[in-house]
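One line per chain: the protein sequences are G and L, in this order.
Reminder that position 216 of the first sequence reads as 414 in my numbering, one-by-one numbering, no gaps.
Reminder that position 153 of the second sequence reads as 155 in my numbering, one-by-one numbering, no gaps.
Before any comments, here is the structure.
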Amino acid sequence: MVEIVAEGRSLVKKYGDKTVVDGIHFQIKRGECFGFLGPNGAGKTSTMKMMYCLSPVTSGELFVLNLDVNTRGREIKSRIGVVPQEDGLDTDFTVLENLTIYASYHNLLADVAEKRARELLRFMRIDEKSTSPVDQLSGGMKRRLAIARGMINNPEMLFLDEPTTGLDPQARLLIWDNLRALKKEGMSMALTTHYMEEAEQICDRLVIMDHGRFLCEGKPSDLITEHIGREVVEFSCEDKDINYFVERVKNKYDYQVIRNRFHLFIKANQDGKQAVASISSSDVTVRKATLEDVFLKVAGHDLRDE
Amino acid sequence: MWKDMITFPRLGIGTYRVWNRDFFYYKKYLMVSIFWSFTDPLLYILAFGYGLGFFVGAINGIPYILFLAPAILCTTGMQGAVFESTYSSFTKLRVQKTYETIMMTPVTVEDVVAGEILWGASKAFFAVLGVMAVFVAMRMVHGFQAWLVLPVLFIVCWCMSAMAMVVTSFAKDYDSFTYFFSLIITPMSLLAGTYFPLEHFPKWAQTAAWVLPLTHGVVIVRSLFLSRWHSSLWINFALLFLMAILFSNWAINQTRRRLIY
Numbered sequence: 199m200v201e202i203v204a205e206g207r208s209l210v211k212k213y214g215d216k217t218v219v220d221g222i223h224f225q226i227k228r229g230e231c232f233g234f235l236g237p238n239g240a241g242k243t244s245t246m247k248m249m250y251c252l253s254p255v256t257s258g259e260l261f262v263l264n265l266d267v268n269t270r271g272r273e274i275k276s277r278i279g280v281v282p283q284e285d286g287l288d289t290d291f292t293v294l295e296n297l298t299i300y301a302s303y304h305n306l307l308a309d310v311a312e313k314r315a316r317e318l319l320r321f322m323r324i325d326e327k328s329t330s331p332v333d334q335l336s337g338g339m340k341r342r343l344a345i346a347r348g349m350i351n352n353p354e355m356l357f358l359d360e361p362t363t364g365l366d367p368q369a370r371l372l373i374w375d376n377l378r379a380l381k382k383e384g385m386s387m388a389l390t391t392h393y394m395e396e397a398e399q400i401c402d403r404l405v406i407m408d409h410g411r412f413l414c415e416g417k418p419s420d421l422i423t424e425h426i427g428r429e430v431v432e433f434s435c436e437d438k439d440i441n442y443f444v445e446r447v448k449n450k451y452d453y454q455v456i457r458n459r460f461h462l463f464i465k466a467n468q469d470g471k472q473a474v475a476s477i478s479s480s481d482v483t484v485r486k487a488t489l490e491d492v493f494l495k496v497a498g499h500d501l502r503d504e
Numbered sequence: 003m004w005k006d007m008i009t010f011p012r013l014g015i016g017t018y019r020v021w022n023r024d025f026f027y028y029k030k031y032l033m034v035s036i037f038w039s040f041t042d043p044l045l046y047i048l049a050f051g052y053g054l055g056f057f058v059g060a061i062n063g064i065p066y067i068l069f070l071a072p073a074i075l076c077t078t079g080m081q082g083a084v085f086e087s088t089y090s091s092f093t094k095l096r097v098q099k100t101y102e103t104i105m106m107t108p109v110t111v112e113d114v115v116a117g118e119i120l121w122g123a124s125k126a127f128f129a130v131l132g133v134m135a136v137f138v139a140m141r142m143v144h145g146f147q148a149w150l151v152l153p154v155l156f157i158v159c160w161c162m163s164a165m166a167m168v169v170t171s172f173a174k175d176y177d178s179f180t181y182f183f184s185l186i187i188t189p190m191s192l193l194a195g196t197y198f199p200l201e202h203f204p205k206w207a208q209t210a211a212w213v214l215p216l217t218h219g220v221v222i223v224r225s226l227f228l229s230r231w232h233s234s235l236w237i238n239f240a241l242l243f244l245m246a247i248l249f250s251n252w253a254i255n256q257t258r259r260r261l262i263y
């Protein structure tokens, strides 16, 4: 039987009158990486904060490691690791001290803490910076230090809130390497992100959420096949021609028009090249379907200001 | 509700961890920390004790410098505690998000606030110890009672630290502390019977001074310092202690409201 490390049932979070998590259900299995995707304000961080017991549950049930978050917060916190959206590093201290002091909050003995801290710094590839003050680190290094800090107590499960937001591509790749290595070791993970590529790379299963609800749920590849298909044919047209193209494609393909750009979704049993040939447009391209297409299809493509 | 407010805050291992984080930082910059703790009180002794004291002579038969010395101990404690638990704590609460980070571990918000209050009190108390050492060197400390000022001064530091933490838990930005210092701390340091005896104040002002925790601190510390303890001081002691507990609980409750929502 698969062991469940986190489970929410009819989970609701309200701030005053505002509902940010609206009755969601989920189960996270041991050893898997479960992603919460969604635009800003979708309720991802609120869901995470309830799981790591920093924000009380408004209604519904939430269990982490089979413990009720309402009553067993301290025990849960001692067995999980948290990497919050803002690193929250202690700028009064060096890289190594950040880890050893955090270890003391977990009641680790000083010598055990230092040994573990040095291992983690090596694992996250920031060991050469161990005596630097944290404000001298680059954004990517700070993030890796925050991940190392989240692992200091040998957690059974790791919560990562937007682990690579604001980082450059190189820094992001390094963090993905680290997270994949952790997954290989069997670490259970819950992460939020709004980078679809990140979710495709790392998550075993994910949900796309908006306005506090799940829009779809599943393995990244299944979601792509189910909602989009195999390939996407893209082309642009003038505003006045939109209706003309709609008439031409609507009976043959699923499609989405984002401003004046057409996206035709090519199913497994259809041929992308044939679609390309039938479109009289100079910039028509065909490419693999991605999670981004799923996201834009289910969450819509309005701009979010929040 | 009121019963919770006057219950002594629960201290756990987490309280000590938070205290120890701050102590670790203090040790890193020990010399700087110590230097700044001494400058102010020594200036006051020089300016008021020797300078002004020359013209004042004696108050109620006590040489002015001996009248002033216990008050300097109290204001040293007050200043140290209040600075630590406003500016430093606010930085950790709002700017660095240190408290939220700590709360991702088994350390609770109650531990965090209690640990911070105790640290503010401890740091101020270290400064008080330094000033006391100077007074000993100046041969101003005589008798057993004079040494009992130390535990009382720790409670003064605690009370002030807790009061400052209440302000921090409500503060929106650093400017909020300007009001606190000019409307509460400066008047209190002048009107709590520190530089002159309260007896010469109008009756209403004397009554008003009883609301100020520093008043009770000064009267107890001065009596002990001059070996003039009397039993009515227990009332001052009880009030000071009660205020320390009230402020501590208030700070804990308000910070919890601010961090857990």
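From the three backbone atoms N, C-alpha and C, an ideal C-beta is built for every residue, glycine too.
For clarity, every value in this text was computed on a predicted model and none was experimentally measured.
- [ ] Using three-state DSSP, classify residue 263 of chain L as helix, strand or coil.
- [x] Of the three classes helix, strand and coil, the one that applies to residue 263 of chain L here is coil, per DSSP.
Task: Own chain residues within Cβ distance below 8 angstroms of residue 466 of chain G, not counting five before or after - done: Cβ within range, chain order: 423, 427, 428.
- [ ] Would you list, in chain order, the members of the region 269–280 of chain G that have their beta-carbon closer than 7 angstroms to a beta-carbon of chain L?
- [x] Listed by position, the residues of the region 269–280 of chain G near chain L (Cβ gap below 7 angstroms) are 272, 275, 276, 280.
Task: N- and C-terminal bounds of the beta strand (DSSP E) containing residue 208 of chain L - done: From DSSP, residue 208 of chain L is part of no beta strand (DSSP E) but of the alpha helix (DSSP H) over 205–211.
TODO: Answer yes or no: does any C-beta atom of chain G fall closer than 8 angstroms to that of residue 125 of chain L?
DONE: Output row for residue 125 of chain L: interface = no.
Open item on the list: Using only the alpha-carbon positions, how far apart do residue 503 of chain G and residue 286 of chain G sit?
Closed with: Per-residue confidence for residue 503 of chain G stands at a pLDDT of 48, beneath the threshold of 50, marking its modelled position as unreliable; no derived number is given.
Task: Selection of the region 81–98 of chain L by Cβ proximity to chain G, strictly under 8 angstroms - done: The residues in question are 98.
TODO: Would you verify that the beta carbon of residue 302 of chain G is, or is not, closer than 8 angstroms to some beta carbon of chain L?
DONE: Yes, because at least one Cβ of chain L sits closer than 8 angstroms to the Cβ of residue 302 of chain G.
Open item on the list: Determine, for residue 504 of chain G, whether the minimum Cβ-Cβ distance to residues of chain L falls below 8 angstroms.
Closed with: Any reading at residue 504 of chain G is ruled out, since the residue's pLDDT is 42, under 50, leaving its predicted position unreliable.
- [ ] Take residue 13 of chain L and list the residues in its own chain whose beta-carbon comes closer than 7 angstroms to its own, dropping the five residues that flank it on each side.
- [x] The residues are 116.
Task: Classification of residue 10 of chain L by the beta-carbon crowding that lies within 10 angstroms, buried from 16 upward - done: It is exposed - the Cβ of residue 10 of chain L has fewer than 16 other Cβ atoms within 10 Å.
- [ ] Using a cut-off of 9 angstroms between C-beta atoms, extract the partners of residue 354 of chain G located in chain L.
- [x] The premise fails here: residue 354 of chain G is roughly 14 angstroms from chain L at the closest Cβ pair, so nothing lies under 9 angstroms.
Open item on the list: Considering only their Cβ atoms, is the gap separating residue 489 of chain G from residue 418 of chain G smaller than 8 angstroms?
Closed with: Yes, these two residues count as a Cβ contact at 8 angstroms.
Open item on the list: Check whether chain G comes within 8 angstroms of residue 26 of chain L, counting only Cβ atoms and requiring the distance to be less than that.
Closed with: It does: the Cβ of residue 26 of chain L has a partner Cβ on chain G nearer than 8 angstroms.
Task: Residue range of the unbroken alpha helix (DSSP H) whose run includes residue 314 of chain G - done: Looking at the DSSP string, the run of the alpha helix (DSSP H) that includes residue 314 of chain G is 308–321.
Open item on the list: DSSP three-state label for residue 214 of chain G, please.
Closed with: Residue 214 of chain G: coil per DSSP, three-state reduction.
TODO: State the DSSP-derived secondary structure class of residue 490 of chain G, mapped to helix, strand or coil.
DONE: When DSSP states are grouped into helix, strand and coil, residue 490 of chain G belongs to the helix group.
Task: Of the listed residues G:275, G:477, G:359, nearest to residue 351 of chain G (C-alpha basis) - done: Taking only the C-alpha atoms, the option nearest residue 351 of chain G is G:275.
Task: Cα-Cα separation, residue 425 of chain G to residue 206 of chain G - done: Roughly 25 angstroms separates the two Cα atoms.
- [ ] Just grab the DSSP bridge partners of residue 227 of chain G for me.
- [x] For residue 227 of chain G, the pairing in a beta bridge is given by DSSP as G:202.
Task: Three-way DSSP call (helix, strand, coil) for residue 414 of chain G in this model - done: Here residue 414 of chain G carries a strand assignment [DSSP, helix/strand/coil].
Open item on the list: Looking at residue 59 of chain L: is its Cβ nearer than 8 angstroms to the Cβ of residue 52 of chain L?
Closed with: Note that the C-beta distance between residue 59 of chain L and residue 52 of chain L is not below 8 angstroms.
Task: Range covered by the alpha helix (DSSP H) that runs through residue 466 of chain G - done: First-last for residue 466 of chain G: undefined, no H or E at that position.
Open item on the list: Taking 8 angstroms as the threshold (C-beta atoms), are residue 372 of chain G and residue 338 of chain G in contact?
Closed with: Contact flag set, yes.
Task: Rounded separation between residue 229 of chain G and residue 248 of chain L - CA only - done: Put simply, the backbone Cα of residue 229 of chain G is about 48 angstroms away from that of residue 248 of chain L.
- [ ] Indicate whether residue 248 of chain G and residue 218 of chain G have their beta-carbon atoms separated by less than 8 angstroms.
- [x] Contact annotation: residue 248 of chain G and residue 218 of chain G have beta-carbon atoms that are not nearer than 8 angstroms.
Task: Expected contact under 8 angstroms - CB spacing of residue 403 of chain G and residue 232 of chain G to nearest Å - done: Yes, residue 403 of chain G and residue 232 of chain G are in contact; Cβ-Cβ is about 6 angstroms, under 8 angstroms.
- [ ] Could you tell me whether any Cβ in chain L is nearer than 8 angstroms to the Cβ of residue 380 of chain G?
- [x] For residue 380 of chain G, the answer is no, since every Cβ of chain L falls outside 8 angstroms of its Cβ.
Open item on the list: Which residues of the region 299–325 of chain G have a Cβ closer than 8 angstroms to any Cβ of chain L? Give them in chain order.
Closed with: Within the region 299–325 of chain G, the qualifying residues are 299, 300, 302, 303, 304, 305.
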